[in-house]
Structures are given as structure tokens and as C-alpha cells.
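Chemist: The opening position of the sequence shown corresponds to residue 1062 in my numbering, with each subsequent residue numbered one higher.
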Amino acid sequence: MNLAKSSKMSQLVYTLGFNYGKMLLHPSYRYVLFILGLPVNLVVLLIWQSRRKRDEWAVVQQAVERDMLSTSYRDTLRTDVEQQLRRKHRFFRQQVSEAEFKRQTEEWLEESVQKELKERTFSKLQEQGKQRLTMADTFQSLIDKPWFLAISVIPGCLMYAMMFLYGNPYLKYIFERILMTVFVILGVATLVFTILYLSPFNPAANILGETATQEQIAAFNHVYGLDQPYLVQLWNNIKGIALFDLGKSFSGNEDVTATIARKFPITLTLAVISLLLALVIALPIGIISAIKPNSLFDYTFMFIALIGLSIPNFWQGLIFILNFSIKLQWLPATFNPQNWLSIIMPTIVLGTGLTAAVARMTRSSTLEVIHEDYVMTARAKGLSERQVLLKHAVRNALIPIVTVVGLQFGGMLGGAAVTEKVFNISGLGSYIVDKQFIPDIPSIMGGVVYTAITISIINVVVDLLYAFVDPRVRSKMKQY
């Protein structure tokens, strides 16, 4: 029992030390590590500097430096540097004074001497089977002591959490993508707000109407802060995004965050059903078309898929309403949350383009891998055609399919504005479209931020799915 605990503790200490050394080599993580564990790192830094003065590096460096001075290395190098500088000036036809030439010579000479000194010292230490003491070595030696680990847990808790996160390639990847998403959101928010600020539209005049007086317009601008300078308005919007407080909409005085939260489930339901419908239909069609290329089945379904890609959503929606709602009266023309039949036509219209895109990508991707050597080897081993297709061909063809599905699904979650407008669905897409003509800045900013977050999350999920379906991607993520 005690032996198992000791083994686990040793493994923990080694992992912490290893991750600490790796993070010090990464420029960005180095500063994050130092800031999060500032008290602990200051102690490690002081001890490291104290030990470094007495380590073998300083002794070997002094010996190498004496050797370089005794062999007139510096004088020989000075002559070479002067010759190279003169050739350089002649080649570029540069005229420099004697004082400037001497200054350049001394700078170049000192840089070359220090570089050579470092290389010779490093080689000498390697010959002796030693290496220079690093800050990571100092931390490892300290953390091996149980008392240091115990007293550093509280002041260095954030640092240790970051080190564990860094040690897990998947968590590290997700953390970095989330961090990138924050910068993407800030960039998108700044760009969109700037465009809205510079646009010729006047929200006050559009909302109050043509009969509004200048006093009423000024009062409206004062209430919503539109009379403040650009930087102040931009800061207020970014601060609101950070605090999840997007303010009130200009039109209707609704809370933007609550409105988006209320409309999101409608768009999510529509997108998820359309995605499932597309996958159920497209994947089998694409695989069968790849198995039987240039057959009647292949030509027929790829032609239908091409038509599906070419049909505009608004036209398809109107045709559906004309036939199934007005003429046949089978389905309701507008969306009603209380009637499940009303979601059939919107999901088919929204899923048509996705079904066509996934079917064509499945066919081309499966065709690309179906004649690879490993598929032929699987057949030669005597595996059934079903096992060859599902375990070897289709699985290796999933990467581009997952990419297409992720991009299309992210776009649908961002707001299927055209489909929502045609079927009178009160979702996010129609909400953003309605607000942009005012322009209702808080509402548009909320919609844009939502779209940026949604697409970023979908991209992270897609990248993780790459690792799930392809062991080569998993291997690269672990190395990363």
C-alpha cells in the first residue's frame, strides 16, 4: 500500500517537473507559468541563480575563455571580421567612417566570441558527461522534497493546475482554442461595431420615425449612449460582452441576452433535426455511390445531389408551401412550436443543401481511399466486404466528411435566416436580419458574438472528432 502511494507520488513529482521544463521552453506559456505561480517561481529563481554561480558551467567557461585568450583566438577572429566587413561594404558600395567601422567590428567580434565561447563550453561539459544547471532542474530538485511541494501548493495552485492542463494534449488543445476564440470574439466585435458606427443609418431616426424632432433624437441617443465618443461606446460594448450583459435593444427595449437565449433553442432544434436527416440519407447514398461508381444508381443520386446544391432555400420553401400547405393542405405553412408537423418542411428545406454536400463528399472521399493498399490488404486477409468498407475505407474517409458537416452545421446554428423568414420562424437568423436594418447595435452585437462563439465551438468539436476517427491525428496531438 505504502509502496503504491510512494510510486504514485514519484510519478506526480516527475510529471510536474517535466511539464515545468516543457512550459519554460514555450515563449507564451513561460510568462503564463511565471505569473500564475509568481511566489513559487521567485523562490525557484533565487535558488537557481545562487546555485548557478557555483555550478560546473562557470568553471568550464572560465577555462575555455583562458584557452581562447592564450591561443590568440580573439586577434585572429578580429582580422577575419574586418575582412568580411570590408567585403560587405564594397559589395553594397557603402561608405562608412573609420569610427563607425571600428564600432561595427567590435560588435560583430564580441557577438562571435560569446557564441563560440558558449558552444565550446557546452561541448566541454558534454565531454565530461555534465550539463548546465537550468531553472527546470532547480524546480525538479526542490519539488522532490515533500516539504517544498506541501508549502507551494496554495501559492502555486493556479500554476500546478496549468501544468496538469499542459500535460494533457486534449485539454491543452481545447484551452488554446478557447483562448483563440476569445480573441476572435474581440476582433469580430470590434470590426462589426466599427462598421455599424460608420454606417449612414441613424437608429434614432429609424425608430422614432420621420416626425421626430431633434430634441427627441438627442434624448434617444443620450439614453442609449450613442452620443458618446467611439472608443467609449466600443469599450462599453466589449465590457458588456465580457459580463454577458448585452444591454437593451433599441427597438422594443428587450434584454438582448434573454432574447437570444429564448430564440436559440428554436434554431438549435431546427439545425439538429436537419443535420440528423442529412446524415441518415447522405452517408448511405454516398457510400453506395462510391461502391458502384458510374452506375445508374450513382448517376441518379449524384444528379439529385447536384440539384439539391443548386436550389435556393427561399424558392424551395415557397414551392413547399404552395404545394403541401395551400394545394394539398397536408402541412402548416408557418412554424408553430405546439404543432410538430410545422417543423417538417423547414427541416427538409434546411437539410437539402447539407444532404447534397455530405453525399457528394462521402462519395468522393470513399472513392479516394477504397483503392488504397491497406483496403486491398484487408480484402486479401479474407475480411468481408462490409468489414472492409466500415472499418478500413469509410473510417479513413471520415476526415473531409466531418469537416463539411462541421462547417455546414456551424452555419445553420449561426442562423438559417432565409429558411426562418420563409416559414415565419422566430429564430436567431430572422432576429439578426430584422435588427440590422435599424441598426439595433446591441442586438446585432449579440447575434454576431453568438455566431462567433457557435462556429468556434463547432470547430473545436470537429478537430476533436478528427482525433477520434484518425489515430494519426491523435499521435500528432500528443506530440504537440
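Cβ atoms here follow ideal geometry from the backbone N, Cα and C, with glycine treated the same way.
Just so we're clear, the structure is a prediction, and the values are computed from it rather than from any experiment.
#1: Which word fits M1062, buried or exposed, when buried means at least 16 other C-beta atoms lie within 10 angstroms of its C-beta?
#2: Let's see if you can read the secondary structure: which residues bound the alpha helix (DSSP H) around E1271?
#3: Out of L1094, E1171, P1326, which has the shortest C-alpha to C-alpha gap to M1220?
#4: K1206 by DSSP, collapsed to three states: which one?
#5: With a Cβ-Cβ cutoff of 9 Å, do Q1294 and L1287 count as a contact?
#6: Smallest Cα separation from Y1258: which of F1364, V1449, Q1289, I1516?
#7: Measure the C-alpha to C-alpha separation of A1160 and R1154 and round it to an integer number of angstroms.
#8: Does K1324 pass the burial test, meaning 16 or more other C-beta atoms within 10 Å, or should it be called exposed?
#9: Expressed to the nearest angstrom, what Euclidean distance is found between the alpha-carbon atoms of R1139 and M1224?
#10: Might you give, ordered along the chain, the residues of its own chain that have their beta carbon closer than 7 Å to the beta carbon of L1402, omitting 5 neighbours on each side?
#11: I'd like the span of the alpha helix (DSSP H) that includes W1376, first residue to last.
#12: Provide the residue span of the alpha helix (DSSP H) that contains A1513, from first to last.
#13: Can you round the beta-carbon distance between G1507 and V1317 to whole angstroms, since I take them to be within the 8 Å contact cut?
#14: Check the C-beta distance from D1205 over to V1074 and give it rounded, since I have them as a contact under 8 Å.
#15: Which same chain residues, not among the five before or five after A1478, have their C-beta less than 8 Å away from its C-beta?
#16: By how many angstroms is the C-alpha of V1523 removed from the C-alpha of I1365?
#17: For the putative contact between L1226 and L1232, defined by C-beta atoms under 8 Å, what is the C-beta separation to the nearest angstrom?
#18: Would you list the one or two residues that DSSP bridges to D1316?
#19: What number of angstroms, rounded off, separates the C-alpha of S1504 from the C-alpha of I1372?
#20: Which same chain residues, not among the five before or five after L1178, have their C-beta less than 8 Å away from its C-beta?
#21: So L1340 and I1404 are in contact, right, with Cβ under 8 Å, and what is the actual spacing, rounded?
#22: Using the Cα positions of M1437 and N1457, report the straight-line distance between them to the nearest angstrom.
#23: Report the rounded CA-to-CA distance for P1230 versus Y1090, giving the unit in angstroms.
#24: Take Y1285 and list the residues in its own chain whose beta-carbon comes closer than 7 Å to its own, dropping the five residues that flank it on each side.
#25: Which residues mark the beginning and the end of the alpha helix (DSSP H) in which E1429 is found?
#26: Please state whether DSSP places Y1285 in a helix, a strand or coil.
#27: Compute the Euclidean distance between the alpha carbons of L1307 and L1247, then round it to the nearest angstrom.
#28: Which residue from I1519, T1515, R1115 puts its Cα closest to that of I1321?
#29: Is the stretch 1404–1423 touching the stretch 1333–1350 in the sense that three or more CB pairs, one from each, lie closer than 8 Å?
#30: When the Cα atoms are used, what is the spatial distance from F1381 to M1406?
#31: Mark E1481 as exposed unless 16 or more other C-beta atoms lie within 10 angstroms of its C-beta, in which case mark it buried.
#32: To the nearest angstrom, how far is it from the Cα of R1440 to the Cα of T1416?
#33: How far does the alpha helix (DSSP H) with N1384 in it extend, from its first residue to its last?
Modeler: Based on what the coordinates show:
#1: Confidence is the limiting factor: at M1062 the pLDDT is only 49, short of 50, which leaves the residue's position unreliable and the question unanswerable from this model.
#2: For E1271, no alpha helix (DSSP H) segment is defined, and its DSSP state is neither H nor E.
#3: Considering only alpha carbons, the answer is L1094.
#4: Residue state for K1206 is assigned as coil, using DSSP reduced to three classes.
#5: Yes; because the gap between Cβ atoms is below 9 Å, this pair is in contact.
#6: Per the Cα distances, Q1289.
#7: Between the C-alpha atoms of A1160 and R1154 there is a straight-line separation of about 18 Å.
#8: That one is buried.
#9: When rounded, the distance between both Cα atoms is 47 Å.
#10: L1392, P1393.
#11: Where W1376 is concerned, the enclosing alpha helix (DSSP H) starts and stops at 1374–1381.
#12: Residue range 1502–1530 is occupied by the alpha helix (DSSP H) that includes A1513.
#13: At roughly 4 Å, the Cβ-Cβ gap stays under 8 Å, so G1507 and V1317 are in contact.
#14: So it is a contact: roughly 6 Å between Cβ atoms.
#15: G1490, S1491, I1493, V1494.
#16: So the two alpha carbons sit approximately 27 Å from each other.
#17: The C-beta distance from L1226 to L1232 rounds to 5 Å, short enough to fall under 8 Å.
#18: Beta-bridge annotation (DSSP): D1316 is paired with K1309.
#19: One alpha carbon belongs to S1504, the other to I1372, and they sit about 31 Å apart.
#20: Excluding residues within five positions, the ones whose Cβ falls inside 8 Å are Q1122, V1125, E1126, M1129.
#21: Not confirmed; about 17 Å, so no contact.
#22: Distance between the alpha carbons of M1437 and N1457 is about 14 Å.
#23: Approximately 14 Å, taken between the alpha carbons.
#24: Correct list, in chain order: F1311.
#25: That run of the alpha helix (DSSP H) goes 1405–1431.
#26: Y1285: coil per DSSP, three-state reduction.
#27: Cα to Cα, L1307 sits roughly 14 Å from L1247.
#28: Out of I1519, T1515, R1115, T1515 has the C-alpha closest to the C-alpha of I1321.
#29: Contact holds: three or more Cβ-Cβ distances are below 8 Å.
#30: F1381 and M1406 have their C-alpha atoms spaced approximately 7 Å apart.
#31: It is buried - the Cβ of E1481 has at least 16 other Cβ atoms within 10 Å.
#32: Approximately 30 Å between the Cα atoms of the pair.
#33: Here N1384 belongs to no alpha helix (DSSP H), and DSSP marks it neither H nor E.
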